[in-house]
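Structure record follows, encoded as structure tokens.
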Amino acid sequence: MAAHSHLPLLLLLSLLAVVSAHNITDILAADPQYSDFNNFLTQTRLADEINTRQTITVLVLNNAAFSAVADKHPLSVVKNVLSLHILLDYFDNTKLHQITNGTTLSTTLYQTTGTASGNVGSVNITDLKGGKVGFGSAASGSKLDSSYTKSVKQIPYNISVIEISAPIIAPGILAAPPPSADLNITALIEKAGCKTFASLISTNGLVKTFQSTADKGLTIFAPNDEAFKARGVPDLSKLTNAEIVSLLQYHATAKYLPVGSLKTTKDAINTLASNGAGKFEFTVSNAGDSLTIHTGVDNSRIADTVLDSTPLTIYSVDNLLLPPELFATSPSPAPAPEPASSPSPSPAPTPAEAPSPLPASPPAPAGETPAGAPADAPSAAAERSTSSGKSDGVHVKASAVLTVTVTALSALLIFTTFM
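Residue numbering for the sequence shown is 1 to 419, as defined by full-length UniProt numbering.
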């Protein structure tokens, strides 16, 4: 009986223990002195990146200390500085004072951007005399200009938030990149191996649209050249000019969506082709670090990050993104006929090729500007195509629900055993 009476409590504790996904926005919102730091994590979408990672330390600055960066530099520079304050390791008060040999270098999120050379993307952490812990850039000749102030929040060994006294500034990190409007989007896409797509957006007048949207937020998904040669790709020469424009617009969204944001996005993403709620949208699923786009007609893996410079992101993708509004769902390939039961060998029959997707009728109009209204639920076709993708854990809550379910079943098994 005693065992039975304790089981509900044990089950409740198990359920609470496994739902431990962290949210940096909520953690910092508890203290107003970190409001500026918190707001910029949201603006730069670094909060999404933090929330999707495990074993991470955030070196937070109070409003007074952070103002030296936030008040004097553009958002792109602020993002780089913030990235240098996100360590890809777990450090709490105890670990800071037990560093082997008294000093260590820790890789930061800035190092993962590909713009940091040498040790510029790492932080030097040194246990100084008198219990003081110093922080500084790991670049040669850099000083320990910041020090550990206090612990803010720990979820061992998931996330640690600690306050430091001053910003960590690496050599060259305050140099502002060119504004998004000044970037040569076509050249960047061509250099990434997407020359066909670059040519199409140039000849169909999309470059000007992309440039004018970039300063407010733009993400481009550029198919590589192999994507246009893949089996089953529709014959673009059979599309009208309006359909071509809509297809190209479907490969961009008027939002800044770095990798961390794509990993946490649960809803359908509207595009520059969206001309109404639920139109010309797609969803994104992730499995670890792999991201897949689901259109309802086909799927495409995000192959590489060509550019991530707030507020513009460019990705290369493996397949052409085919919207249901323009293309009917591709039929399944015809099964190959069974070999004839003949005593003498005969040539194997040629397997039938699946026909290319055909333009839907009537064609959807080309939207010249992105729709401002929030998107409704995706179409039924999209839901069928993306049902498996959505279960991969697009948001951290998905994995938590799975863990809760497993834990509940385990507890039920224990209860049955005692019965």
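Note that the Cβ used here is the ideal one computed from N, Cα and C, for glycine as well.
A quick note: this is a predicted structure, and the numbers were derived from the prediction, not measured.
Of the listed residues the options, nearest to residue i (C-alpha basis)
i	options	result
ILE56	GLY136, SER160, ASN39	SER160
ALA287	LEU262, ALA277, LYS279	LEU262
SER151	LEU96, PHE197, ILE293, ALA277	LEU96
PRO177	PHE327, LEU312, ARG301	LEU312
LEU326	VAL284, ASP304, SER237, PHE280	PHE280
GLY102	THR126, LEU75, THR209, VAL207	THR126
THR213	LEU247, SER117, GLY172, LEU272	LEU272
ALA268	ASN184, PRO323, ALA242, VAL120	PRO323
GLY121	GLY172, THR264, ASN39, HIS294	GLY172
THR104	ILE185, LEU239, SER137, ASP182	SER137
ILE155	ALA170, PRO223, ASN51, ALA198	ASN51
VAL297	LEU307, SER316, ASP308, LEU247	LEU247
ALA303	LYS153, GLY278, ASP289, SER309	ASP289
LEU188	ILE168, ILE24, LEU307	LEU307
PHE221	LEU291, LEU236, TYR34, PHE91	LEU291
VAL133	ALA139, SER165, SER117, SER199	SER165
THR295	THR186, ASN270, PHE40, LEU28	ASN270
ALA64	LYS153, GLN33, SER285	GLN33
THR305	LEU257, PHE282, GLY131	LEU257
TYR315	ALA328, THR94, ILE185	ILE185
ILE169	HIS85, LYS72, THR283	HIS85
LEU321	LEU128, ALA328, ILE293, SER309	ILE293
LYS153	ALA21, THR310, ALA328, ILE27	ILE27
residue 420	GLY276, SER274, ASN275, LYS266	In the structure as shown, the chain begins at 1 and stops at 419. Residue 420 is therefore absent and cannot be evaluated.
ALA175	SER35, LYS72, SER106	LYS72
Rounded separation between residue i and residue j - CA only
i	j	result
PRO374	ARG53	With a pLDDT of only 40 at PRO374, under 50, the local geometry of the prediction cannot be trusted, and no value is derived from it.
PRO234	ASN80	41 angstroms
VAL60	ASP225	43 angstroms
LYS216	TYR148	37 angstroms
SER387	ASN62	With a pLDDT of only 39 at SER387, under 50, the local geometry of the prediction cannot be trusted, and no value is derived from it.
GLY389	GLY205	Model confidence at GLY389 stands at a pLDDT of 40, short of 50, so the residue's coordinates are unreliable and nothing is read from them.
PRO74	PHE37	14 angstroms
ALA47	ASN241	40 angstroms
SER76	SER83	11 angstroms
THR44	GLN111	16 angstroms
ALA334	THR209	Since pLDDT at ALA334 reaches only 39, below the 50 mark, its modelled position is unreliable, and no value is offered.
VAL259	SER142	30 angstroms
ASP195	LEU218	The displayed chain sequence assigns Lys, not Asp, to residue 195. Roughly 20 angstroms between the two C-alpha positions.
ASP145	GLU163	14 angstroms
PRO179	THR264	27 angstroms
LEU183	GLU190	13 angstroms
GLN211	SER300	25 angstroms
THR113	THR25	22 angstroms
ILE244	GLY193	21 angstroms
ALA30	ASN124	29 angstroms
LYS255	VAL207	16 angstroms
ALA398	VAL317	Confidence is the limiting factor: at ALA398 the pLDDT is only 38, short of 50, which leaves the residue's position unreliable, though a coordinate-based value still follows. C-alpha separation (whole angstroms): 25 angstroms.
TYR90	GLY278	42 angstroms
ASN39	PHE66	12 angstroms
LEU358	LYS238	With a pLDDT of 48 at LEU358, under the threshold of 50, the modelled position of that residue is not reliable, and no figure is offered here.
SER202	LEU236	16 angstroms
LEU41	THR100	31 angstroms
TYR157	SER199	49 angstroms
PRO362	THR283	The pLDDT assigned to PRO362 is 43, lower than 50, so where the model puts this residue is not dependable; a value taken from the coordinates is nonetheless given after this. The alpha-carbon atoms of PRO362 and THR283 are separated by roughly 24 angstroms.
GLY131	PRO167	20 angstroms
ALA21	THR94	23 angstroms
SER309	LYS129	40 angstroms
residue 420	ASP92	Lying outside 1 to 419, the shown extent of the chain, residue 420 is not represented and no answer is given.
SER106	GLU49	18 angstroms
VAL58	SER117	22 angstroms
SER274	PHE197	20 angstroms
CB-CB length for residue i against residue j, believed under 8 angstroms
i	j	result
THR115	LEU88	The Cβ separation is near 16 angstroms, so there is no contact.
VAL78	ALA68	Not confirmed; about 11 angstroms, so no contact.
PRO223	ASN119	Contact flag wrong, Cβ pair sits at about 36 angstroms.
Original post:
At a cut of 8 angstroms, does the region 227-234 reach the region 250-257 through at least three beta carbon pairs?
Top reply: no
Original post:
Going along the chain, which unbroken runs of the beta strand (DSSP E) with 3 or more residues stay wholly within the region 267-312?
Top reply: 281-287, 290-294, 299-309
**OP:** Identify every run of the alpha helix (DSSP H) within the region 180-206, keeping only runs that are complete inside it and at least 4 residues long; order them along the chain.
**Re:** 185-191, 195-203
Subject >> 4-residue-minimum alpha helix (DSSP H) runs that sit fully inside the UniProt domain "FAS1" (21-168), ordered along the chain >> reply: 24-29, 35-43, 46-52, 63-70, 75-83, 93-96
**OP:** Mind listing, in chain order, the continuous beta strand (DSSP E) runs of no fewer than 3 residues lying wholly within the region 217-258?
**Re:** 218-223
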